[in-house]
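Working notes for the structure below.
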Amino acid sequence: MSTITLAGDYTSALTHFAQYGLASLAEQHHPQGVTLGWTREAVPKAQLTVEGADAYTLAGYIHELAKQLCEPESWGQINNTYGTMNVSPFSPRVGEISSPLDWKRHQKIRQDMIDKLTQEKDYLSLCWISSLGEASYWFPEKNKKIPKEYQRLGASRWEMADRGGGREFVRYRLRRMCEEVVTWSTEKITNGIIGTEINDPIGGEKLLTATGFTTPRKTDVSLALLAMTGMSWFPVIHMANHLSITPGAWPSNDVAPENLVLPLSIENIKPARLRTVLRSHTFADIVNYVCHEESETGVSDTREILKAYGSREQLKAHGMDAVVRFPVKTVKTASNAYRYIQEGKLVPL
Numbered sequence: 137m138s139t140i141t142l143a144g145d146y147t148s149a150l151t152h153f154a155q156y157g158l159a160s161l162a163e164q165h166h167p168q169g170v171t172l173g174w175t176r177e178a179v180p181k182a183q184l185t186v187e188g189a190d191a192y193t194l195a196g197y198i199h200e201l202a203k204q205l206c207e208p209e210s211w212g213q214i215n216n217t218y219g220t221m222n223v224s225p226f227s228p229r230v231g232e233i234s235s236p237l238d239w240k241r242h243q244k245i246r247q248d249m250i251d252k253l254t255q256e257k258d259y260l261s262l263c264w265i266s267s268l269g270e271a272s273y274w275f276p277e278k279n280k281k282i283p284k285e286y287q288r289l290g291a292s293r294w295e296m297a298d299r300g301g302g303r304e305f306v307r308y309r310l311r312r313m314c315e316e317v318v319t320w321s322t323e324k325i326t327n328g329i330i331g332t333e334i335n336d337p338i339g340g341e342k343l344l345t346a347t348g349f350t351t352p353r354k355t356d357v358s359l360a361l362l363a364m365t366g367m368s369w370f371p372v373i374h375m376a377n378h379l380s381i382t383p384g385a386w387p388s389n390d391v392a393p394e395n396l397v398l399p400l401s402i403e404n405i406k407p408a409r410l411r412t413v414l415r416s417h418t419f420a421d422i423v424n425y426v427c428h429e430e431s432e433t434g435v436s437d438t439r440e441i442l443k444a445y446g447s448r449e450q451l452k453a454h455g456m457d458a459v460v461r462f463p464v465k466t467v468k469t470a471s472n473a474y475r476y477i478q479e480g481k482l483v484p485l
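So for the sequence shown, my numbering puts the first residue at 137; every next one is plus one.
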């Protein structure tokens, strides 16, 4: 049994999501032997304990994932043409799709791939696709709240790729990461996920490799790929007449959330338990209480509010010791807007 400590600490959303992604990969190979938690120190760090695998073995799983998504017929490589656009049908935010024939072709590609992944029992990819969300073809035109962008209301709030110049998440972010990491050695990947090296050859001048999971900075590509994988723990809940719901986002009815809230457990727990917490009504209540109190009167009264609603006890019963609130910044440019998550603040339960 080996315990791996990931790069970064509790203040980084990138570290949280990378922990979720690494746990998902480890579970595929060790279904009953994975636990995750945080260290007992002043600045907690993310850890993963796996029975029968060390850091180098886990790095091999990351390499396998990158290789799988580089295969020509994988969901990470397929493009489709919509009018003048040639984009991935699995990116939830693309330019407007206006032709009924384009919509039909778009849905057929997605449904055929989902059938294929189901037959192959590739549950990680299925959860990942679900958690990215999708272009909201079902949203009634008469209810458009954002006339030019209503088709994006089905996207995950944590898909934060800069879309300047027509770029989109799968083709320009996820695919590039996989094409880079597949060329790396196991040792290089290991060094990236535990933080002894930062290898970022794709960040460019804007330093956007983290794709919103941290402030713009040099970010190890293998760690960023894990964070993208960790999005699979946040299934998008589609609404017929409203913005789709993304776990952890506040406010939940805004395309550009002001905060992300994530749970933190010192106790080692199974991934399934943490996924249950993230998707629960109790956690949604806590997200609302913590962010509302912070916006109104500060964190000092949060403990009493959580206790009053019974949510604190329920969350602690599932092994959670605290939550972390991350402000989310929206940057607007002349032609585009993008988001990134800032440093988190611990809120004890």
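Note that beta-carbon positions come from the ideal geometry of N, C-alpha and C, so glycine has one too.
These figures come from a predicted structure and were not determined experimentally.
Strand pairing of K481, partner residues [DSSP]: Along the sequence shown, one-based indexing puts residue 481 at 345. Per DSSP, R461.
Q255 (DSSP reduced to helix, strand or coil): Translated into the one-based positions of the sequence shown, residue 255 becomes position 119. Note: Q255 maps to helix in three-state DSSP.
Closest Cα partner of E295 within the set V317, R312, L485 and I265: If you number the sequence shown from 1, residue 295 lands on position 159. With distances taken between Cα atoms, E295 lies closest to I265.
8 Å Cβ cutoff met for S160 and T365: Sequence index remark: in the sequence shown, residue 160 carries index 24 (1-based). Sequence index remark: in the sequence shown, residue 365 carries index 229 (1-based). Yes, the Cβ-Cβ distance between S160 and T365 is below 8 Å.
Range of the contiguous alpha helix (DSSP H) that encloses S447: Indexing the sequence shown from 1 puts residue 447 at position 311. S447 to A453 is the span of the alpha helix (DSSP H), which, as asked, contains S447.
Identified DSSP bridge partners for M221: Mapped onto the sequence shown, residue 221 falls at position 85. DSSP, once it has assigned bridges, lists Y218 as partnering M221.
Nonlocal neighbours in the same chain, by C-beta distance under 7 Å from R409, ignoring five residues either side: Indexing the sequence shown from 1 puts residue 409 at position 273. Beyond the five residues adjoining it in sequence on each side, R409 comes within less than 7 Å, by CB distance, of H454 and G455 in the same chain, given in chain order.
Start and end residues, beta strand (DSSP E) containing G173: As a position in the sequence shown, residue 173 is number 37, starting the count at 1. It spans V170 to W174 - the beta strand (DSSP E) in which G173 sits, taken as one unbroken run.
CB of V464 within 8 Å of CB of V483, strictly: The residue labelled residue 464 in the question sits at position 328 within the sequence shown. The residue labelled residue 483 in the question sits at position 347 within the sequence shown. Cβ atoms of V464 and V483: not closer than 8 Å.
Nearest-angstrom beta carbon gap, S234 and S368 [assumed within contact, 8 Å]: To locate residue 368, count along the sequence shown from 1; it is residue 232. To locate residue 234, count along the sequence shown from 1; it is residue 98. About 30 Å separates the two Cβ atoms, so there is no contact after all.
L486 versus A376, K342, T319 and Q155, residue with shortest Cα-Cα distance: Absent from the model: residue 486. The displayed extent of the chain is 137 to 485, so no value can be given.
Run of the beta strand (DSSP E) containing Q183, from where it starts to where it stops: Walking along the sequence shown from the start, residue 183 turns up at place 47. Residues A182 to V186.
Of the residues Y273, E200 and V170, the one placed nearest S321, counting alpha carbons only: Looking up residue 321 in the sequence shown gives position 185. Closest by alpha carbon: E200.
S436, DSSP secondary structure in three states: If you number the sequence shown from 1, residue 436 lands on position 300. With a pLDDT of 47 at S436, under the threshold of 50, the modelled position of that residue is not reliable, and the figure given next carries that caveat. Of the three classes helix, strand and coil, the one that applies to S436 here is helix, per DSSP.
For E316 and I338, believed in contact at Cβ under 8 Å, the rounded distance: The sequence position of residue 338 within the sequence shown is 202, counting from 1. The sequence position of residue 316 within the sequence shown is 180, counting from 1. The beta-carbon separation of I338 and E316, rounded to 6 Å, stays under the 8 Å limit for a contact.
Proximity below 8 Å, CB of A162 to CB of L205: Within the sequence shown, the letter at position 26 stands for residue 162. Within the sequence shown, the letter at position 69 stands for residue 205. Not closer than 8 Å, so no.
Cα-Cα separation, D336 to I329: As a working note, residue 336 is residue 200 in the sequence shown. As a working note, residue 329 is residue 193 in the sequence shown. D336 and I329: Cα-Cα distance of roughly 13 Å.
Residues of its chain near W386, where Cβ-Cβ distance is below 7 Å and the 5 sequence neighbours each way are ignored: Numbered from 1 along the sequence shown, position 250 holds the residue referred to as residue 386. Once the five neighbours on either side are set aside, the close Cβ partners of W386 are P393, E394, N395, V397, V423, N424 and C427.
8 Å Cβ cutoff met for W239 and Y273: As a first step, residue 239 is located in the sequence shown; it is residue number 103 there, counting from the start. As a first step, residue 273 is located in the sequence shown; it is residue number 137 there, counting from the start. Contact: yes.
Rounded Cβ spacing between G480 and T217 (contact assumed at less than 8 Å): Translated into positions along the sequence shown, residue 480 becomes position 344. Translated into positions along the sequence shown, residue 217 becomes position 81. That belief does not hold up - the Cβ atoms of G480 and T217 are roughly 41 Å apart, past 8 Å.
Rounded C-alpha distance that separates V230 from K252: Locating residue 230 in the sequence shown gives position 94, where the first residue counts as 1. Locating residue 252 in the sequence shown gives position 116, where the first residue counts as 1. Separation of V230 and K252 (C-alpha to C-alpha, rounded to the nearest whole angstrom) is 24 Å.
Separation of G219 from P399, as counted between CA atoms: For the purposes of this step, residue 399 is taken as residue 263 along the sequence shown, with counting starting at 1. For the purposes of this step, residue 219 is taken as residue 83 along the sequence shown, with counting starting at 1. Taking the straight line from one Cα to the other gives about 43 Å.
Run of the alpha helix (DSSP H) containing T322, from where it starts to where it stops: Within the sequence shown, residue 322 is the residue found at index 186, counting from 1. Start and end: T322 to I330.
Proximity below 8 Å, CB of L172 to CB of F349: Position 36 of the sequence shown, counting from 1, holds the residue named residue 172. Position 213 of the sequence shown, counting from 1, holds the residue named residue 349. In this structure, F349 does not lie closer than 8 Å to L172 by Cβ.
8 Å contact criterion, which G144 and G331 should meet: CB distance rounded: Translated into positions along the sequence shown, residue 144 becomes position 8. Translated into positions along the sequence shown, residue 331 becomes position 195. Indeed they touch by this definition, with Cβ atoms about 7 Å apart.
Contained alpha helix (DSSP H) runs [length at least 4] in the region 353-381, N- to C-terminal order: 357-366
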